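Visitor: Okay, handing you the structure first.
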Amino acid sequence: MTGFSTEAQTMSLVAFIAVITVTLLLCVMTGPDRDDLDEFYTGFRSLSPMQSGLAIAGDYISAASVLGTIGVISLVGQDGLVLALSTALSLVLLMFLLAEPLRNAGRFTMGDVLTRRAPSPAVRITACIVTLVALFPLLIFQLAGAGDLLAFVLGIDAAGFKTGSIVLLGLLMIIYAAIGGMKGTAFIQLVKTVVLLAAAVAIAALVLNRFDFSVPSLLDAAARGSGAGQAYLSPGLQFGGDGLDLISSQLTVVLGAACLPHITMRMFSSRSAPAVRRSMSWAVSTVVVMGLLSAVIGFGAAALVGRQQITLSDPQGKTSILLVSQAVMGESVSSFETLLFTAMATAIFLTLLASVAGITLACANSLAHDLITNGLRRRQQLRAGTEMMLARATAALVGLAAIVLAAASRHWNLQAMVTLSFCLGASAIAPALVYSLFWQRFNRAGLLASMIGGAVSVLILITGTTLVSGSPQAIFPDQDFTWFPYTTTGLVSIPVGFLAGWLATRLTNSRTGIHRQEDFDDEAAEAAILVDTSAARY
Numbered sequence: 009m010t011g012f013s014t015e016a017q018t019m020s021l022v023a024f025i026a027v028i029t030v031t032l033l034l035c036v037m038t039g040p041d042r043d044d045l046d047e048f049y050t051g052f053r054s055l056s057p058m059q060s061g062l063a064i065a066g067d068y069i070s071a072a073s074v075l076g077t078i079g080v081i082s083l084v085g086q087d088g089l090v091l092a093l094s095t096a097l098s099l100v101l102l103m104f105l106l107a108e109p110l111r112n113a114g115r116f117t118m119g120d121v122l123t124r125r126a127p128s129p130a131v132r133i134t135a136c137i138v139t140l141v142a143l144f145p146l147l148i149f150q151l152a153g154a155g156d157l158l159a160f161v162l163g164i165d166a167a168g169f170k171t172g173s174i175v176l177l178g179l180l181m182i183i184y185a186a187i188g189g190m191k192g193t194a195f196i197q198l199v200k201t202v203v204l205l206a207a208a209v210a211i212a213a214l215v216l217n218r219f220d221f222s223v224p225s226l227l228d229a230a231a232r233g234s235g236a237g238q239a240y241l242s243p244g245l246q247f248g249g250d251g252l253d254l255i256s257s258q259l260t261v262v263l264g265a266a267c268l269p270h271i272t273m274r275m276f277s278s279r280s281a282p283a284v285r286r287s288m289s290w291a292v293s294t295v296v297v298m299g300l301l302s303a304v305i306g307f308g309a310a311a312l313v314g315r316q317q318i319t320l321s322d323p324q325g326k327t328s329i330l331l332v333s334q335a336v337m338g339e340s341v342s343s344f345e346t347l348l349f350t351a352m353a354t355a356i357f358l359t360l361l362a363s364v365a366g367i368t369l370a371c372a373n374s375l376a377h378d379l380i381t382n383g384l385r386r387r388q389q390l391r392a393g394t395e396m397m398l399a400r401a402t403a404a405l406v407g408l409a410a411i412v413l414a415a416a417s418r419h420w421n422l423q424a425m426v427t428l429s430f431c432l433g434a435s436a437i438a439p440a441l442v443y444s445l446f447w448q449r450f451n452r453a454g455l456l457a458s459m460i461g462g463a464v465s466v467l468i469l470i471t472g473t474t475l476v477s478g479s480p481q482a483i484f485p486d487q488d489f490t491w492f493p494y495t496t497t498g499l500v501s502i503p504v505g506f507l508a509g510w511l512a513t514r515l516t517n518s519r520t521g522i523h524r525q526e527d528f529d530d531e532a533a534e535a536a537i538l539v540d541t542s543a544a545r546y
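Given below as structure tokens:
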């Protein structure tokens with residue numbers, strides 16, 4: 009049992025049902041109503057910069073990042089705060105380096121961006137495989153944790169309820185992705201972001217109120233509650249003082265988060281280059297604010313709940329945000345405080361729904377557009393309606409596979425899944441995108457080498473980390489076959505990905521299909537005119 013009041017649990021259940029109803033209605037209302045690929049994949053680029061920015065921020069503020077970041081801050085203090093800042097820095101990198109070139113070079117998927125540099129079915133197919141390998145672990149992690157989280161909130165500890173929660177959330181994410189398309193999932197992310205920010209502001213204000221809005225008092229109390237004393241407020245607690253491990257982790261987060269396909273696909277829905285810049289300004293501001301709120305809530309959890317109670321509930325601290333929501337209420341729970349807890353629980357539930365729907369859509373789009381339409385069937389062009397049906401069918405396929413795997417693995421510690429996704433984003437996708445967008449000589453051989461080399465190095469190295477074996481937080485905690493000295497693979501696999509692309513390009517002479525960035529800009533300007541004209545007709 010959770011210890012939450014029966015009234016709070018009942019209100020949370022009613023709120024969850026209301027959220028499901030409203031979001032389904034929102035998807036139906038905003039989803040494509042005809043067989044138009046631009047409408048399904050980009051929403052006709054009809055989102056305003058603010059709407060697009062909040063949707064991008066929503067993808068960044070996923071269930072894994074919200075629950076994980078607050079949990080890490082509550083357990084290891086300053087190292088967790090650095091993680092939150094790394095997430096914001098990742099979005100800044102995306103804003104200033106990649107956002108506008110991605111928008112100019114891409115149409116629907118990451119495969120579109122890469123094949124502008126090196127047109128080839130092999131590039132399409134490889135891009136799809138890397139997309140699935142990078143996003144599927146993140147999808148499974150968030151879906152598998154949903155059952156435990158809902159059971160924790162509602163006080164139902166039955167295994168059948170947890171499995172049923174995974175199935176329900178999985179079916180909902182299929183519907184959101186298949187019916188809503190880009191625009192529908194974007195609006196769900198927008199609503200999620202607003203609700204989560206409002207709830208986080210309220211919880212953070214109550215935490216600060218407990219300490220008379222004195223940050224030093226909050227930090228002192230957090231250090232005492234952490235059980236680590238002043239070491240909690242110093243760097244090095246998370247990785248035992250290993251500075252290289254900390255650098256590897258932060259580098260992986262900064263590069264990986266910026267290049268994951270469900271993030272980059274949002275760039276294609278902006279109507280123009282100025283619009284994508286304004287969207288990124290909204291996104292950065294939102295993520296920075298959420299990072300600051302997460303820090304206050306995380307330190308508040310350490311101060312008001314304490315490390316022992318946090319780890320007893322969840323060893324990674326993923327329930328910290330709910331525990332501190334309960335703690336700030338005190339012993340006498342008023343209607344307002346019950347409502348506040350319900351709002352926070354609902355925001356987390358909505359975050360789960362929005363996160364898995366966006367990832368499912370990115371996987372489905374890549375399967376339909378990159379693998380099937382332009383990879384396997386390149387000589388026989390499919391009609392727009394057929395490709396849209398394929399995208400919806402692949403959304404169902406991805407969702408069903410994720411449901412089965414999440415339900416089967418929910419008893420395991422899946423933190424390695426999140427790390428795997430970010431490592432693949434940083435080591436396989438980042439080199440391919442950076443070289444494709446900014447290196448004129450980059451060719452197909454280099455493109456394939458960077459994606460394959462980076463991905464293979466991650467898959468090999470991560471088997472030797474303590475996330476897989478040799479620690480209580482590992483997938484196999486009772487076994488120890490660790491051989492890699494760092495928790496994340498980024499310190500080695502990121503250079504491997506970049507070096508593989510550079511070497512393959514230098515050693516080959518093929519420059520077929522090379523496009524300059526100016527060509528991207530000119531073609532993007534023509535595409536923007538066509539999109540604006542099409543939007544005006546409708």
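If you read the sequence shown in my numbering, its first letter stands for residue 9, the second for the next number, and so on.
Here a beta-carbon is modelled for each residue, glycine too, at the ideal position from N, C-alpha and C.
Only a predicted model underlies this, so the values are computations on that prediction, with no experimental measurement involved.
Does DSSP put Leu-21 in a helix, a strand or coil?
Guide: If DSSP states are grouped into helix, strand and coil, Leu-21 belongs with the helices.
Visitor: Are there 16 or more other CB atoms within 10 angstroms of the CB of Pro-40, so buried, or fewer, so exposed?
Guide: Counting Cβ neighbours within 10 Å, Pro-40 comes out buried, since at least 16 surround it.
Visitor: Is it a yes or a no for the region 114 to 124 touching the region 397 to 405, going by three-plus beta-carbon pairs under 8 Å?
Guide: Cβ pair count under 8 Å is below three, so no.
Visitor: Which runs of the alpha helix (DSSP H), 4 residues or longer, sit entirely within the region 228 to 303?
Guide: Correct list: 251 to 267 and 269 to 272.
Visitor: Enumerate in chain order the residues of its own chain whose CB-to-CB distance from Val-209 is below 7 Å, with the five nearest sequence positions on each side excluded.
Guide: Around Val-209: Leu-301.
Visitor: Short of 6 Å in beta carbon distance, which residues of its chain neighbour Ala-549, apart from the five on each side in sequence? Order them along the chain.
Guide: Residue 549 lies beyond the residue range present for the chain, which begins at 9 and ends at 546; the question has no answer from this structure.
Visitor: Which of the three DSSP states, helix, strand or coil, is assigned to Phe-484?
Guide: If DSSP states are grouped into helix, strand and coil, Phe-484 belongs with the strands.
Visitor: Within the continuous alpha helix (DSSP H) that includes Val-464, where are the two ends?
Guide: 452 to 469 is the span of the alpha helix (DSSP H), which, as asked, contains Val-464.
Visitor: Out of Gly-325, Trp-290 and Asp-46, state which residue places its alpha-carbon closest to the alpha-carbon of Gly-153.
Guide: Nearest option by C-alpha distance: Gly-325.
Visitor: Taking 6 Å as the limit between beta carbons, can you name the residues of its chain near Thr-427, skipping five residues before and five after?
Guide: Cβ neighbours of Thr-427 beyond the five flanking positions: Leu-475 and Thr-496.
Visitor: Helix, strand or coil for Ser-479, going by three-state DSSP, please let me know.
Guide: Residue state, collapsed to three classes: coil.
Visitor: Suppose you measure from the CA of Phe-24 to the CA of Trp-510; what does that come to, to the nearest Å?
Guide: Looking at the two C-alpha atoms, the distance is approximately 50 Å.
Visitor: Cβ atoms of Lys-170 and Ala-614: under 8 Å apart, would you say?
Guide: For the chain, the structure presents residues 9 to 546; residue 614 sits outside this window and is missing.
Visitor: Output the distance between the C-alpha atoms of Thr-327 and Val-202, rounded to the nearest integer angstrom.
Guide: Their Cα atoms are separated by approximately 21 Å.
Visitor: Go through its chain and collect everything with a Cβ distance to Lys-200's Cβ below 7 Å, but skip five positions before and after it.
Guide: Here the set comprises Gly-66, Leu-358, Thr-359 and Ala-362.
Visitor: What's the C-alpha gap between Ala-351 and Glu-15?
Guide: Rounded to the nearest angstrom, the two C-alpha atoms are 13 Å apart.
Visitor: When burial is assigned at 16 or more other CB atoms within 10 Å of the CB, is Trp-491 buried or exposed?
Guide: Exposed, because fewer than 16 other Cβ atoms sit within 10 Å of the Cβ of Trp-491.
Visitor: What do you reckon, are the CB atoms on Pro-57 and Trp-290 nearer than 8 Å?
Guide: Yes.
Visitor: Applying the 10 Å Cβ sphere with the 16-neighbour rule, what's the burial state of Arg-315?
Guide: With 16 or more Cβ atoms within 10 Å of its Cβ, Arg-315 is classed as buried.
Visitor: Express the C-alpha separation of Gly-308 and Ser-222 in angstroms, rounding to a whole number.
Guide: Taking the straight line joining both Cα atoms gives about 12 Å.
Visitor: What residue range is occupied by the uninterrupted alpha helix (DSSP H) comprising Ser-333?
Guide: Start and end: 328 to 335.
Visitor: Return the Cβ separation of Leu-143 and His-270 in integer angstroms, given the expectation that the two are a contact with Cβ distance under 8 Å.
Guide: About 6 Å; that satisfies the 8 Å criterion.
Visitor: Where does Thr-117 fall in DSSP's three states?
Guide: Looking at Thr-117 - three-state DSSP - the assignment turns out to be coil, as it is neither helix nor strand.
Visitor: Using beta-carbon positions only, say whether Leu-122 and Ser-444 come within less than 8 Å of one another.
Guide: Contact: yes.
Visitor: Go through its chain and collect everything with a Cβ distance to Arg-459's Cβ below 6 Å, but skip five positions before and after it.
Guide: A small correction: the amino acid at residue 459 is Met; Arg does not occupy that position in the sequence shown. Within the same chain, Met-459 has close Cβ partners Thr-134, Val-138, Ala-436 and Ala-440.
Visitor: With a Cβ-Cβ cutoff of 8 Å, do Met-275 and Leu-110 count as a contact?
Guide: Result yes, Cβ atoms of Met-275 and Leu-110 sit closer than 8 Å.
Visitor: Work out the CA separation of Phe-195 and Gly-61 for me, nearest whole Å.
Guide: Rounded to the nearest angstrom, the two C-alpha atoms are 11 Å apart.
Visitor: What residues in its chain sit with their C-beta under 6 Å from that of Ile-502, if we drop five residues either side in the sequence?
Guide: Same-chain partners within the cutoff: Ala-434 and Ser-435.
Visitor: Flag Thr-18 as yes when its Cβ comes closer than 7 Å to any non-hydrogen atom of the ligand ZN, and as no otherwise.
Guide: The model depicted lacks the ligand ZN and carries no ligand whatsoever.
Visitor: State the start and end residues of the unbroken alpha helix (DSSP H) segment that holds Thr-134.
Guide: Element bounds for Thr-134: 129 to 162.
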